[in-house]
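Below: the structure, in structure tokens.
2 protein chains.
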Amino acid sequence: MNIENAQVQMRKGILEFCILHIISRGEVYASDMLDELTSARMMVVEGTLYPLLTRLKNSGWLEYKWVESSSGPPRKYYVLTEEGKVFMEAMETTWFDLADSVSYVIKRTEEIRSKGVQPS
Amino acid sequence: MNIENAQVQMRKGILEFCILHIISRGEVYASDMLDELTSARMMVVEGTLYPLLTRLKNSGWLEYKWVESSSGPPRKYYVLTEEGKVFMEAMETTWFDLADSVSYVIKRTEEIRSKGVQPS
DNA sequence: GCACAGTACCTTGCATCACAAAGTACCTGT
DNA sequence: ACAGGTACTTTGTGATGCAAGGTACTGTGC
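Listed in order, the protein sequences are those of chains D and P.
To convert, note that position 41 of the first sequence is 41 in UniProt numbering; the numbers rise steadily by one, no gaps.
To convert, note that position 1 of the second sequence is 1 in UniProt numbering; the numbers rise steadily by one, no gaps.
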């Protein structure tokens, strides 16, 4: 695994969680999601986002409506379904559990390095 | 994606980072890594760990030596190579960048929910 | 010396997601 | 009618965590 690939691998599962979070704020279309991800310093392009949105829709977590735009083609606005909200909460728990585990591992390494205690 | 699968997907890339971290503390064999992951509440079995160790070895981040055991078969003790240390630091940066991005997304959602401001 | 339990390590096909990049379609302005 | 901008679509690829059955070594008891 080189570092670019590590970045790709680390995003698996987490990108979906972020998308669900962004949509949970209220109805939103794809371009705004991309802007918000850019603000979060998580570069994503449409070719990644649209298949993800399709997958989430197919799983029942999202639904969308077409809205005419005043300046271009019509847009799909997405919202979470009730199941989607439940699923997002479950993913949030999963995310925090994982982040806690990683924090624990990092902290333990720092303790071991700073105290010179025997590695476990 | 159901939630079990989400957990699997979220571990992609991150499990490797944790393993590198654990090995960075000093020479260690597989069973101790599993124990440390269990302490971190990250359940992993040998069928997952050994292929990962092999991949890391093949990428040049790890090396190992066989050590006789006083109570069972010989054991492979792993250490990071110099390249492995560099790679682990790069992965740590990647992890923190990703965690920061996720924190940002979560925080923004909470702000929007608590203030009732217009979703982006 | 052999059988068995415990321990250590190995293997391989599968499921799944992020990705890339080329594609189609609609709307507006000229 | 056409070009540019915007929105959405598609599909094969690469890579990792996983499961679960496998092999091999050591110590113990008979």
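We put the beta carbon where it would ideally sit given N, CA and C, even for glycine.
Since this is a predicted model, take the numbers as computed values, not measurements.
(request) Report all residues from its chain with a CB closer than 8 Å to the CB of Ile14/D; omit the five preceding and five following residues, and keep chain order. (result) Excluding positions up to five away in sequence, the list reads Trp95.
(request) Over the uninterrupted beta strand (DSSP E) stretch that includes Tyr78/D, give me the two end residues. (result) For Tyr78/D, the enclosing beta strand (DSSP E) covers residues 72-80.
(message) Using only the alpha-carbon positions, how far apart do Leu34/P and Ala40/P sit?
(response) Rounded to whole angstroms, the separation of the alpha carbons of Ala40/P and Leu34/P is 10 Å.
(request) To the nearest angstrom, report how far apart Leu37/D and Lys76/P are at their CA atoms. (result) Just so you know, the alpha carbons of Leu37/D and Lys76/P end up roughly 43 Å apart.
(message) List, in chain order, every chain P residue whose beta-carbon is nearer than 8 Å to that of Glu16/D.
(response) By Cβ distance, chain P contributes Met1, Ala6, Gln9.
(message) Beta carbons nearer than 8 Å to chain P: which residues of the stretch 92-117 of chain D have them?
(response) Flagged, chain order: Glu92, Thr94, Trp95, Asp97, Leu98, Ala99, Asp100, Ser101, Val102, Tyr104, Val105, Ile106, Arg108, Thr109, Ile112, Arg113.
(request) Report yes or no: do the stretch 2-12 of chain P and the stretch 57-73 of chain P share at least 3 C-beta pairs separated by less than 8 Å? (result) Pairwise C-beta distances place the stretch 2-12 of chain P out of contact with the stretch 57-73 of chain P, as fewer than three of them are shorter than 8 Å.
(request) Please go through the UniProt domain "Transcription regulator PadR N-terminal" (19-89) of chain P and give each complete alpha helix (DSSP H) segment of 4 or more residues, from N-terminal end onward. (result) With a minimum length of 4 residues, the continuous alpha helix (DSSP H) runs that stay inside the UniProt domain "Transcription regulator PadR N-terminal" (19-89) of chain P are 30-39, 46-59.
(request) May I ask you to report which of helix, strand or coil DSSP gives Lys115/P? (result) Of the three classes helix, strand and coil, the one that applies to Lys115/P here is helix, per DSSP.
(message) Measuring only the C-alpha atoms, how far is Ser24/P from Met42/D?
(response) Distance from the CA atom of Ser24/P to the CA atom of Met42/D, rounded to whole angstroms, is 28 Å.
(request) Find the nearest neighbour of Gly47/P within the set Ala30/P, Ile3/P, Asp97/P, Ser59/P, judged by alpha-carbon distance. (result) When each option's Cα is compared against that of Gly47/P, the closest is Ala30/P.
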